[in-house]
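2 protein chains.
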Amino acid sequence: MSRKAFRRLTLDERKRTLLEATLTCVAQQGLKGATVRRIAEEAGVTAGLLRHYFGSKNGLITSAYAYLIGQLTAEAETRARQSTGDANDQLRHFLIANMTMPNLSEEKVSLWATFIGRVRYETDFADIHREGYRDYLSLLEGLIEPVLAAHGLPRSAAACRRHAIAVNGLIDGLWMEGSLNSGLYSRAILPDLVTEACERLLELPAGSLSGEKQPT
Amino acid sequence: MSRKAFRRLTLDERKRTLLEATLTCVAQQGLKGATVRRIAEEAGVTAGLLRHYFGSKNGLITSAYAYLIGQLTAEAETRARQSTGDANDQLRHFLIANMTMPNLSEEKVSLWATFIGRVRYETDFADIHREGYRDYLSLLEGLIEPVLAAHGLPRSAAACRRHAIAVNGLIDGLWMEGSLNSGLYSRAILPDLVTEACERLLELPAGSLSGEKQPT
DNA sequence: AGTGTAGTTATACATTTGTATAAAATTGTG
DNA sequence: CACAATTTTATACAAATGTATAACTACACT
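Residue numbers (the working numbering), protein chains in the order written: chain A, 1 to 216; chain B, 217 to 432.
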């Protein structure tokens, strides 16, 4: 009996492989199904490697959570910045990024919820959550402020913050229910729904965000 | 060595005891910490009873999820109906019920998130989620419609539905982030924030929901 | 008070899990 | 091509977990 043949990977490659295998497993069967053995199998390695790279299973899971949050925020931020348009356009793309794939996915929301469930009683998770939320809120605030400016609306720091909190709530809630997709409505309505709702939250003229700025 | 003394309870009493012990355990350490032994200890019984009443651990966890959702919706509905005021007042109380204790609690959100994480891959959980979401949405729709009517706003079935989806998203998102309370802002701002945001979402005159209708 | 019933306890058991450690194989370097 | 470094595998092990089942006991009813 010979040993299993293997290939060495760089530290970053290997870590990413393991993190993605972890997320795959958690998404499929929750934390309960994410055993070191199953994750290792998913990654095509043996169980010992997980400890080698992440110290313990907990270390791996924690890193996977941070990895996921990073992905979600980066995707939304990238889509906003990719937009070459004005402030309205950037905010619109940010909103839509959260209401379409890849962010709007049952898998992503399941992962996110599973991890959120641990924020309360595990310090590591609480730290990652707090930091991720803070980053996301700042990002959103930074997108909202120039939109208010463009429409000549009040834009004190306090006002921007309140708006960001509300809009973030709207995004989170729609993202969640939309991703889980209870079948009560089609996901396809979400991009328009969120932009229109955001216009009203910020008291922008109708069509500022949802208008036909990008004809077919 | 004598056996442990015990008291017989009615079926409903015992079930409720076990369900609440389950939620307590899940809230404290997540599903991982909610072992049959720990739950039994929390409930002051021995492990065998759980299977006796719920068939299996999975049956118990599933029932606990349904129990939680029922609690959350019932609390909000009760607070809305308790309000003796007009339609605006009822909607306001509904909103506020979700932004104050007992619904706005880290424990409740943690439980909810933990369970939501299983909706994707477990049929039982998906069913409970879908049904709970549908009920909640109908409830909200039923509160929104008369408010729109009172203000002479369009209130087609489609419009009410869209508004309910958006407002529900807002509530869910704020409820979550507010309960987890990252320390970025005080929970105390949420009742006003949600009512004002809802006014704008529904395009009501400012103060319709948040106004000083109930002087000290 | 006696008696049956089913609510409740107590114990056993196979399986799974995370961790630890030693052995082996891959790869870059001289 | 040999050697060293360290990535990766393979095996062992104690602890914990869900389930199954038999024994006991509280309580209602006669």
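Just so it is clear, CB atoms sit at the ideal spot from N, CA and C, and this is done for glycine as well.
Span of the alpha helix (DSSP H), counted from its first residue to its last, around residue i
i	result
M392 (chain B)	373-396
V242 (chain B)	227-249
K108 (chain A)	106-116
P146 (chain A)	123-150
I405 (chain B)	No alpha helix (DSSP H) contains I405 (chain B), which DSSP labels as neither H nor E.
Y67 (chain A)	57-82
A175 (chain B)	With chain B covering 217 to 432 only, the question about residue 175 (chain B) has no answer from this structure.
E42 (chain A)	36-43
F270 (chain B)	264-270
Closer than 8 Å to chain A by CB, residue i
i	result
K231 (chain B)	no
H367 (chain B)	no
L438 (chain B)	Nothing can be reported for residue 438 (chain B): it is not among the residues displayed for chain B, which extend from 217 to 432.
A380 (chain B)	no
I332 (chain B)	yes
A292 (chain B)	no
K248 (chain B)	yes
S426 (chain B)	no
A413 (chain B)	yes
L179 (chain B)	Given a span of 217 to 432 for chain B in the structure shown, any question on residue 179 (chain B) remains unanswerable.
L356 (chain B)	no
A263 (chain B)	no
G423 (chain B)	no
L266 (chain B)	no
S326 (chain B)	yes
E393 (chain B)	yes
L353 (chain B)	yes
A404 (chain B)	no
E322 (chain B)	yes
A329 (chain B)	yes
R201 (chain B)	The question about residue 201 (chain B) has no answer, for chain B in this structure spans 217 to 432.
L409 (chain B)	yes
R219 (chain B)	no
Y349 (chain B)	yes
Test: residue i CB closer than 8 Å to a CB of chain B
i	result
D172 (chain A)	yes
R235 (chain A)	Only positions 1 to 216 of chain A appear in this structure, which leaves residue 235 (chain A) out of reach.
Y65 (chain A)	no
V36 (chain A)	no
M218 (chain A)	Absent from the structure is residue 218 (chain A), since the part of chain A shown begins at 1 and ends at 216.
Q71 (chain A)	no
Q90 (chain A)	no
G169 (chain A)	yes
R130 (chain A)	yes
R200 (chain A)	yes
R7 (chain A)	no
Q29 (chain A)	yes
P102 (chain A)	no
E203 (chain A)	yes
A87 (chain A)	no
V147 (chain A)	no
T216 (chain A)	Unreliable placement is indicated for T216 (chain A), whose pLDDT of 37 sits below 50; no coordinate value is reported for it.
E41 (chain A)	no
Y53 (chain A)	no
Inter-residue CB distance, residue i and residue j (contact presumed, cutoff 8 Å)
i	j	result
S169 (chain A)	G389 (chain B)	Residue 169 (chain A) is actually Gly in this sequence, not Ser. Correct: roughly 3 Å between the Cβ atoms.
L311 (chain B)	L364 (chain B)	Actually they do not touch by this definition, with Cβ atoms about 15 Å apart.
G246 (chain B)	T316 (chain B)	That pair is no contact at about 25 Å.
S179 (chain A)	H345 (chain B)	At roughly 12 Å, the Cβ-Cβ gap does not stay under 8 Å, so S179 (chain A) and H345 (chain B) are not in contact.
A47 (chain A)	V36 (chain A)	5 Å
C25 (chain A)	R38 (chain A)	5 Å
A380 (chain B)	D302 (chain B)	Not really, about 19 Å apart at Cβ, beyond 8 Å.
N274 (chain B)	I387 (chain B)	Actually they do not touch by this definition, with Cβ atoms about 30 Å apart.
The ligand ZN heavy atom lying under 7 Å from the CB of residue i
i	result
S279 (chain B)	With respect to small molecules bound, the structure shown includes none, and the ligand ZN cannot be examined in it.
Segment contact flag, the segment 130-139 of chain A with the segment 69-87 of chain A, C-beta cutoff 8 Å, min 3 pairs: yes
Any 3 or more C-beta pairs closer than 8 Å across the segment 101-111 of chain A and the segment 140-158 of chain A: no
Three CB pairs or more closer than 8 Å across the segment 232-241 of chain B and the segment 264-278 of chain B: yes
Any 3 or more C-beta pairs closer than 8 Å across the segment 196-210 of chain A and the segment 77-91 of chain A: yes
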